[in-house]
Structure formats: C-alpha cells, structure tokens
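**Q** Residue numbers (our numbering), protein chains in the order written: chain A, 36 to 469; chain B, 2 to 308.
1) Report the option in A/94, A/119, A/128 and A/373 whose CA atom is closest to the CA atom of residue 162 of chain A.
2) Using 8 Å as the Cβ pair cut-off and three pairs as the minimum, do the segment 272-284 of chain B and the segment 205-222 of chain B touch?
3) At a Cβ threshold of 8 Å, is residue 309 of chain A touching chain B?
4) For a cutoff of 8 Å on Cβ pairs, would you count residue 442 of chain A as touching chain B?
5) Hey, how far is the Cα of residue 248 of chain B from the Cα of residue 164 of chain B?
6) Compute the distance between the beta-carbons of residue 239 of chain A and residue 437 of chain A, then report whether it is under 8 Å.
7) Looking only at its own chain, which residues have a Cβ that is under 7 Å from the Cβ of residue 321 of chain A, when we skip the five neighbours before and after it?
8) How many angstroms separate the CA atom of residue 178 of chain B from the CA atom of residue 237 of chain B?
9) Using a Cβ-Cβ distance cut-off of 8 Å, determine whether residue 140 of chain A contacts chain B.
10) Let's see if you can read the secondary structure: which residues bound the alpha helix (DSSP H) around residue 261 of chain B?
11) Would the segment 242-262 of chain A and the segment 373-390 of chain A be scored as touching if the rule is three or more Cβ pairs under 8 Å?
12) Whose C-beta lies closer than 6 Å to the C-beta of residue 148 of chain B among residues of the same chain, with five residues either side of it excluded?
13) Could you check whether residue 100 of chain A and residue 131 of chain A sit closer than 8 Å to each other, using their CB atoms as the reference points?
14) In the DSSP assignment, what are the bridge partners of residue 265 of chain A?
15) Nearest CA to the CA of residue 392 of chain A: which residue from A/416, A/404, A/406 and A/383?
16) For residue 159 of chain A, which of helix, strand or coil comes out of DSSP?
17) Counting only Cβ pairs nearer than 9 Å, list the residues of chain B close to residue 109 of chain A.
18) If contacts are defined as beta-carbon pairs under 8 Å, then residue 89 of chain A and residue 96 of chain A qualify, I think. What distance do you get, rounded to the angstrom?
19) Using a Cβ-Cβ cut-off of less than 8 Å, give me the residues of the segment 142-170 of chain B that come near chain A, in sequence order.
20) Find the nearest neighbour of residue 185 of chain A within the set A/193, A/71 and A/266, judged by alpha-carbon distance.
21) Please report whether the beta-carbon of residue 208 of chain B lies at a distance below 8 Å from any beta-carbon of chain A.
22) Looking at the C-beta of residue 58 of chain B, does it have a partner C-beta in chain A at a distance below 8 Å?
23) Which same chain residues, not among the five before or five after residue 223 of chain B, have their C-beta less than 6 Å away from its C-beta?
24) Should residue 59 of chain B be labelled buried (16 or more other beta-carbon atoms within 10 Å of its own) or exposed?
25) With respect to the beta strand (DSSP E) encompassing residue 185 of chain A, which residues constitute its N-terminal and C-terminal limits?
26) Whose CA, out of A/156, A/164, A/173 and A/119, lies closest to the CA of residue 143 of chain A?
27) Going along the chain, which residues of its own chain have a beta-carbon closer than 6 Å to the beta-carbon of residue 73 of chain B, five neighbours each way excluded?
28) Below 8 Å CB to CB, which residues in the same chain sit around residue 110 of chain A once its five sequence neighbours on both sides are set aside?
29) Cα-Cα, which of A/150, A/336 and A/155 is closest to residue 211 of chain A?
30) By the 9 Å beta-carbon criterion, what residues does the segment 58-83 of chain B contribute toward chain A?
31) Consult DSSP for residue 130 of chain A and reduce its assignment to one of helix, strand or coil.
32) For the candidate residues A/93, A/261 and A/118, whose alpha-carbon lies nearest to that of residue 428 of chain A?
33) Give me the Cβ distance between residue 258 of chain B and residue 86 of chain B, rounded to the nearest whole Å; I'm assuming they're in contact under 8 Å.
34) Could you tell me which chain A residues have their CB closer than 7 Å to the CB of residue 1 of chain B, listed as they occur along the chain?
35) Check whether the Cβ atoms of residue 272 of chain A and residue 251 of chain A lie closer than 8 Å to each other.
36) Let me know the secondary structure DSSP gives residue 295 of chain A once reduced to three states.
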C-alpha cells in the first residue's frame with residue numbers, strides 16, 4: 036500500500052472516532068425502538084410521532100427499527116440474549132408482556148407512572164392489562180376489540196335493520212341467526228352467492244369464542260389461570276351454536292382461516308360475498324377506504340353484552356442505558372396526541388377516558404371514517420370490554436385452543452363436547468407445568 | 002483443497018519449499034470458508050446439542066435438565082403428530098417431485114432449440130420469493146372463489162377445501178413444494194442427461210432398441226448418480242421444510258400441516274422452551290443423518306459412477 040492512501044484511511048478513522056466522541060460529549064442520547072409493521076399507516080404515524088418527540092426533546096434521538104410482526108418477539112428474545120435488546124419496544128399483551136415481566140426483562144416504571152400519570156385516566160381494561168402484581172412495566176396506546184361490520188347495501192336490499200350500535204339494543208343470538216339466514220342468498224342452481232355471516236372462526240380469542248362464552252355467563256379459566264373451564268356447559272353450548280351457523284343455518288362460507296385465504300374478509304364484504312363480518316375494530320381503517328357503505332355494530336349476545344379487547348404496550352427493557360429517556364419516550368407513546376391520528380384513521384380506539392367524553396369524542400370521531408352512530412360503539416368500548424384471557428396464559432395454551440377448535444370448524448361431523456374435553460385436558464397439562 | 006497427485010508428491014518430499022508454500026496458501030484461501038463453517042454451522046450445532054440437556058427460556062439462566070427434554074418429546078402427542086406430518090410431507094414431495102422432474106427433463110432434452118427458454122421458464126418458481134408464491138397459491142386454493150376449484154368445476158369435480166381442510170392442506174402444500182422445486186431438479190437432470198454420450202444411443206438404435214428400452218437401459222442407469230444426488234438433497238431439504246408452512250398455513254388447520262421445524266420454532270421462540278426445541282433439533286438431525294446414511298449405503302446397489 037502506498038503512503039498517501041494510508042493517510043486517507045487514518046484521517047477517516049480519526050474523523051469517525053471524533054464524531055462518536057463529540058456526539059457523546061454533546062450528550063445526545065440515541066434510543067433504539069423496535070416496533071412491528073401492522074400497516075403502512077401505522078408505520079408512517081409512528082415515524083411522525085418520533086419526529087414530534089425528537090423536536091420536543093432535542094437531546095434524544097430515536098432510531099426506529101420496524102420488524103415484521105411474525106418475527107418481532109423472536110427477535111426481541113434473541114437480541115436480549117445477545118445483550119443487544121432495544122431500549123424501547125412494542126410488546127404484545129397476549130402473552131408476551133406478562134411472560135417478559137415474569138422473567139424480569141422489562142424496566143419497572145411504576146414510580147414514574149404514578150408520579151406523572153393517573154391510572155384512573157385509562158379505560159378499565161387497560162388498567163387491568165398494564166398492572167402486574169401492583170407494578171407497571173409498560174403503557175398501552177390504544178385498545179382494539181371485536182365488533183360486527185356490515186355491508187349496509189345488502190341489509191337494505193333484504194329490508195333488514197343494521198346490526199345495532201347501542202349495547203342496550205344488542206342482538207340476541209337468535210336475532211343474529213335470523214338476520215344471517217335472511218342475508219344468505221342462493222342462485223337458481225342452488226349455489227350460495229351471498230353469505231349472512233363470516234369471521235366467527237377466524238380468531239377464537241378476540242371476536243368470537245371468548246366474548247360469546249363470557250356473554251353466556253361462562254368462563255374460560257379460573258381466577259388464577261391454573262385451570263381451563265372451556266368444557267363447562269356454558270362454553271360448550273356457545274361453541275356448538277357457533278358451529279351451527281355453518282352446519283345448520285348454512286349462513287357462513289367455508290374459507291375460514293383469515294390469513295390463509297386469497298381474498299381477505301374486507302374484499303369479501305366489499306364484493307357482497309358476505310353481509311356481516313366478525314372482526315377486530317382495527318379493520319375499520321381499511322374498510323373506510325373501500326367504496327361501499329358500512330356500519331359497525333356490537334357483537335350479538337347471550338346473557339350480557341360483552342366484547343373482548345387487547346392491544347400492545349410500549350415497554351423499556353431493563354438493559355437500557357438510558358432509563359430516564361426511555362421513560363420519557365414510553366410516556367410520549369401513550370399520550371393522547373400520539374394516539375389521536377391513528378384513532379382518527381379508524382385503526383385504534385382510545386384508551387383514555389378523556390377521549391370518551393362528548394368533547395373528547397369530537398376530537399377523533401372523524402365522519403370520513405366512522406359511520407353514523409359510532410358513539411354507541413364508543414360506549415361499548417369504555418364499559419363493556421373484557422381483557423382477552425390470552426394475556427394471562429402462555430402462547431402454547433393459546434395455540435392448543437385455536438388448534439382444537441379448528442377441528443370443529445373444519446369438520447362438520449365433529450361433535451363439540453369431546454373436542455372441548457380434550458382441549459381442557461391438554462391446556463390443563465400445560466398450565467400445570469408453569 | 003490439495004489435489005490428489007499433489008498430496009502424493011507432498012508425502013514423498015515431506016512438504017517443503019515451494020510445495021509447503023502452496024499448502025499454506027491453499028489453507029489461507031480456505032480460511033474464510035473454514036471460519037464460516039465453524040462459527041455458523043459447527044459451533045451452533047455443538048451448542049444446540051449442549052442446550053438440549055438444559056431447560057432454558059432464553060431470558061433467564063438455564064437449568065440442567067438431563068435427558069428430561071428427550072423423554073418429554075417422546076411423550077408429547079403434538080411432537081408425534083408433527084413428526085408424522087413431516088414424514089407425510091417427505092414421502093409426498095420427494096418421489097413425486099423427482100419423477101415429474103425426470104419426465105420434464107427427458108422431454109426438454111429433445112427440444113434442443115428452445116431448451117434455454119424452457120429451462121428458464123421452469124426455473125422461474127425456484128428463484129421466486131416464497132412469500133409471493135404463497136400469496137398466489139393461497140388465491141388459487143381458495144375453496145369458494147379460487148382458481149383451482151373453478152377449473153375443477155368445469156370437469157364436474159367439486160374441489161376440496163384445500164388449505165382450510167385438515168385432509169387436503171398437506172397435499173396442497175406438497176403440490177406447491179413440488180411445483181416450486183421442479184425447476185431445480187430439472188436443471189440438474191438436464192445436466193446429467195447431456196453428460197450421457199450419444200454413442201450409446203446410436204449403438205442401441207443400430208441394435209434396434211425401442212425408445213422405452215433406450216430410456217430404461219441407458220438413460221436411467223447412466224443418470225443414476227444424478228438421481229442419487231437429487232434424492233439425497235430433496236430428502237434433506239424436505240425434512241427441513243418450514244417456509245411454506247409458516248407462510249401459507251402456520252401449521253393449521255388444527256395442526257394438520259405443522260412439521261418438526263415449525264413446532265421447533267414455536268417452542269423456541271413462542272413457548273420459551275429453547276432447551277426442548279434444541280432437543281427436537283437434535284432428533285431431527287439424527288433422523289436426517291440416519292436416512293442419508295441408509296441412502297448412501299443402499300446407493301451401492303443402484304448407482305453407477307463413470308461410464
């Protein structure tokens with residue numbers, strides 16, 4: 036190597052060292068922040084939020100690392116094991132938040148939380164979600180829950196009322212079945228061209244099995260989550276009725292695994308293949324961009340109206356070198372001004388009581404997205420949500436529940452009770468190991 | 002590597018001077034590869050073997066667990082299920098995949114003018130990203146509105162529910178895998194076919210051998226080393242199937258398409274059971290190794306090297 040080149044190399048290295056040194060000397064802190072890409076809008080909004088946060092806190096820089104959802108938590112595990120965990124990250128509430136807390140991985144922010152925020156400002160299910168044994172390790176930004184979407188054109192054609200938006204008018208299960216049957220149409224050759232209902236089988240946890248079992252007075256687990264109760268009559272009855280939507284009433288199509296069908300549920304609703312869709316409230320963001328009139332209703336009920344909700348939290352890792360800055364950022368990510376854009380877009384629902392007052396709702400009830408009468412749904416979110424039980428049990432149990440119930444949806448001849456019995460046996464065996 | 006004649010020479014001369022220098026350079030050039038193999042394959046392999054004797058959740062210190070992981074695996078009904086599923090997948094993919102590839106390769110071998118074009122066309126799926134392929138196939142398999150059942154309905158068949166059926170989801174995955182891997186096998190077979198000298202066929206034709214006889218007595222035996230290579234490679238990669246399952250079905254419905262690596266992944270990264278997953282990995286390794294050894298051992302009876 037010739038001398039001048041060596042000189043250049045030396046200068047470059049020197050400059051890099053200098054830049055690093057100077058930036059630490061100035062005191063600019065860089066926080067690594069890992070999130071998953073739920074939708075382009077969410078990512079864009081996260082970036083916007085980060086920019087706002089940085090402009091308010093010029094001494095903090097946030098490095099955003101978006102990861103695909105399916106790899107997010109495995110990556111966190113590996114990074115933590117390799118002593119390279121991000122400072123702040125999205126953590127799914129079901130079940131990673133509590134799994135991480137149990138293993139002492141997350142930063143305890145209880146003190147700061149009570150100094151600067153009030154637990155009473157959050158809607159009830161969020162309080163239950165964030166507090167673990169009296170301590171707080173993560174704050175949520177929003178809530179999402181199961182609702183009933185409908186293509187109102189099809190309801191108008193059939194001359195039916197839309198699924199009710201107010202809890203006190205919620206459909207009884209039989210009323211839902213009767214509407215679903217009327218909305219199931221066949222052509223002259225007997226081929227079904229339009230189904231009344233869809234999505235009951237998609238995610239047993241959020242928008243079907245759990246809320247309906249709870250609505251029927253049933254429970255999924257005992258108080259300390261050591262025993263599964265899904266073989267009890269109240270639960271078995273509900274699962275049987277869910278299966279009957281397809282088996283007896285023929286009101287639901289076969290394609291059941293939402294992610295695994297080429298045409299997604301929104302497209303099926305748009306093209307009029309289905310009239311009513313059980314889905315998470317987040318789907319409103321996509322549905323609102325499509326060119327057909329929709330309505331959002333509360334889930335049908337048995338004995339009491341209830342839906343099941345959840346949403347990720349933002350947590351700082353214990354290994355962070357900048358706990359104060361990380362707290363500032365976590366707090367910002369939960370603030371009203373951060374969540375409001377995504378709420379206005381229909382992806383999230385607010386988790387602060389202040390946004391559920393009439394004045395609060397005015398800030399996000401965007402008429403371009405939210406159908407008329409959505410105030411009723413807001414009340415449903417504030418007062419009738421239960422936290423998804425999957426927050427308290429290991430992922431393995433969740434997988435067993437989804438696996439066993441799928442046997443019921445895929446095989447019309449499969450009797451419900453033996454499946455629920457075996458499900459409970461398998462789940463209890465896993466819970467006993469914990 | 003040091004070539005054989007060179008090695009012989011080195012033995013005689015006791016490695017010195019220029020030859021010694023060459024050996025040194027040889028290993029120096031190999032160094033990046035050796036380092037890579039050791040740090041990314043050999044080292045993790047040993048660690049995984051070690052971890053399989055521990056209970057470890059990645060986040061907290063590990064606890065020695067002895068052989069308990071292995072004992073539990075054989076009592077785990079889910080593991081037995083995914084093991085069966087894996088065997089089903091291998092048995093469905095490998096023979097059929099090789100057979101179809103062979104037919105296509107022999108046919109393509111004759112169309113010598115357009116061979117490059119066809120080769121490229123059949124190779125396309127191999128280089129496509131699995132994600133894109135999976136999305137297209139999900140559409141094709143849609144039981145209500147999908148392309149495949151639409152086509153089947155023309156010939157009066159009411160197609161199955163494919164990915165939403167516990168019976169048909171695995172065959173559906175097998176079809177995708179065969180389709181995707183076809184091009185790779187064809188290209189290897191074509192290379193093998195073009196290595197067979199024409200003189201054999203000429204001689205056979207003069208002797209009046211039929212096309213079938215030529216294929217059976219000349220092509221197939223002379224292609225045996227290629228077939229052997231493809232079989233070994235396909236068996237190994239089929240045992241390790243993961244992408245298709247992860248993207249298209251995530252093991253469902255009702256775990257009917259969950260395979261060993263998928264269950265291993267779930268245990269390691271979702272169930273916080275890294276030790277258990279490592280034990281599973283070791284069992285998979287042992288299974289693949291023994292199947293491959295059996296193949297190599299049986300190969301003597303049907304593989305002919307050299308012409």
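Don't be surprised by glycine CBs; every beta carbon is placed ideally from N, CA and C.
**A** Here's the rundown:
1) Position 127 of the first chain, counted from the start, is the residue given in the question as residue 162 of chain A. It is A/128.
2) Contact between the segment 272-284 of chain B and the segment 205-222 of chain B is absent, because fewer than three Cβ pairs lie under 8 Å.
3) Here residue 309 of chain A refers to the residue found at position 274 of the first chain. It does not: the Cβ of residue 309 of chain A has no partner Cβ on chain B nearer than 8 Å.
4) Counting from 1 along the first chain, the entry for residue 442 of chain A is found at position 407. Residue 442 of chain A counts as touching chain B.
5) Position 247 of the second chain, counted from the first residue, corresponds to residue 248 of chain B. Position 163 of the second chain, counted from the first residue, corresponds to residue 164 of chain B. Annotation: residue 248 of chain B to residue 164 of chain B spans about 12 Å, alpha carbon to alpha carbon.
6) Looking up residue 239 of chain A in the first chain gives position 204. Looking up residue 437 of chain A in the first chain gives position 402. Yes; because the gap between Cβ atoms is below 8 Å, this pair is in contact.
7) Sequence index remark: in the first chain, residue 321 of chain A carries index 286 (1-based). Same-chain partners within the cutoff: 301.
8) Residue 178 of chain B sits at position 177 when you count from the first residue of the second chain. Residue 237 of chain B sits at position 236 when you count from the first residue of the second chain. Going from the Cα of residue 178 of chain B to the Cα of residue 237 of chain B covers about 14 Å.
9) As a first step, residue 140 of chain A must be located in the first chain, where it is residue number 105. Residue-level contact check: residue 140 of chain A touches chain B, since one or more beta carbons of chain B fall below 8 Å from its beta carbon.
10) For this step, residue 261 of chain B is matched to residue 260 along the second chain. Bounds of the alpha helix (DSSP H) holding residue 261 of chain B are 261-270.
11) Segment contact: the segment 242-262 of chain A against the segment 373-390 of chain A, fewer than three CB-CB distances shorter than 8 Å; contact not assigned.
12) Within the second chain, numbered from 1, the residue matching residue 148 of chain B stands at position 147. Taken in chain order, the residues that qualify are 141.
13) Taking the first residue of the first chain as position 1, residue 131 of chain A is located at position 96. Taking the first residue of the first chain as position 1, residue 100 of chain A is located at position 65. Inclusion of residue 131 of chain A and residue 100 of chain A in the CB contact set at 8 Å is not warranted, their separation being larger than that value.
14) Here residue 265 of chain A corresponds to residue number 230 of the first chain, with the count starting at 1. Its beta-bridge partners do not exist; DSSP assigns none.
15) For the purposes of this step, residue 392 of chain A is taken as residue 357 along the first chain, with counting starting at 1. Measuring from the Cα of residue 392 of chain A, the nearest candidate turns out to be A/416.
16) Counting from 1 along the first chain, the entry for residue 159 of chain A is found at position 124. Here residue 159 of chain A sits in helix by DSSP.
17) Working through the first chain from its first residue, we reach residue 109 of chain A at position 74. In chain order: 266, 269, 270 and 271.
18) Position 54 of the first chain, counting from 1, holds the residue named residue 89 of chain A. Position 61 of the first chain, counting from 1, holds the residue named residue 96 of chain A. About 6 Å; that satisfies the 8 Å criterion.
19) Contact residues of the segment 142-170 of chain B toward chain A are 142, 143, 144, 145, 146, 147, 162, 164, 165, 166 and 167 (C-beta to C-beta distance below 8 Å).
20) The residue labelled residue 185 of chain A in the question sits at position 150 within the first chain. Checked all of A/193, A/71 and A/266; the closest Cα to residue 185 of chain A is A/193.
21) Position 207 of the second chain, counted from the first residue, corresponds to residue 208 of chain B. No, no contact with chain A.
22) In the second chain, counting from the first residue as 1, residue 58 of chain B sits at position 57. Chain A places a beta carbon closer than 8 Å to that of residue 58 of chain B, counting this residue as a contact.
23) On the second chain, residue 223 of chain B is found 222 positions in, with the first residue counted as 1. Cβ within range, chain order: 197.
24) Along the second chain, read from residue 1 onward, the residue named residue 59 of chain B stands at position 58. Residue 59 of chain B should be labelled buried.
25) Indexing the first chain from 1 puts residue 185 of chain A at position 150. Looking at the DSSP string, the run of the beta strand (DSSP E) that includes residue 185 of chain A is 179-186.
26) The residue labelled residue 143 of chain A in the question sits at position 108 within the first chain. If we check each option's Cα against that of residue 143 of chain A, A/173 comes out closest.
27) Residue mapping note: residue 73 of chain B aligns to position 72 of the second chain, counting from 1. Closer than 6 Å at Cβ, skipping near neighbours: no residue.
28) Position 75 of the first chain, counted from the start, is the residue given in the question as residue 110 of chain A. Same-chain partners within the cutoff: 69 and 102.
29) Residue 211 of chain A sits at position 176 when you count from the first residue of the first chain. Per the Cα distances, A/336.
30) Cβ contacts with chain A come from 58, 59, 60, 61, 78 and 79.
31) As a working mapping, residue 130 of chain A is identified with position 95 in the first chain. Three-state result, residue 130 of chain A: helix.
32) Looking up residue 428 of chain A in the first chain gives position 393. Residue 428 of chain A has its Cα closest to that of A/261, out of A/93, A/261 and A/118.
33) In the second chain, residue 258 of chain B corresponds to position 257, counting from 1. In the second chain, residue 86 of chain B corresponds to position 85, counting from 1. Going by Cβ atoms, the distance from residue 258 of chain B to residue 86 of chain B rounds to 7 Å, so yes, they are a contact pair.
34) No answer is possible for residue 1 of chain B: the residues shown for chain B start at 2 and end at 308.
35) On the first chain, residue 272 of chain A is found 237 positions in, with the first residue counted as 1. On the first chain, residue 251 of chain A is found 216 positions in, with the first residue counted as 1. In this structure, residue 251 of chain A lies closer than 8 Å to residue 272 of chain A by Cβ.
36) The residue labelled residue 295 of chain A in the question sits at position 260 within the first chain. Note on residue 295 of chain A: pLDDT 44, under 50, position unreliable in the model; no value is reported.
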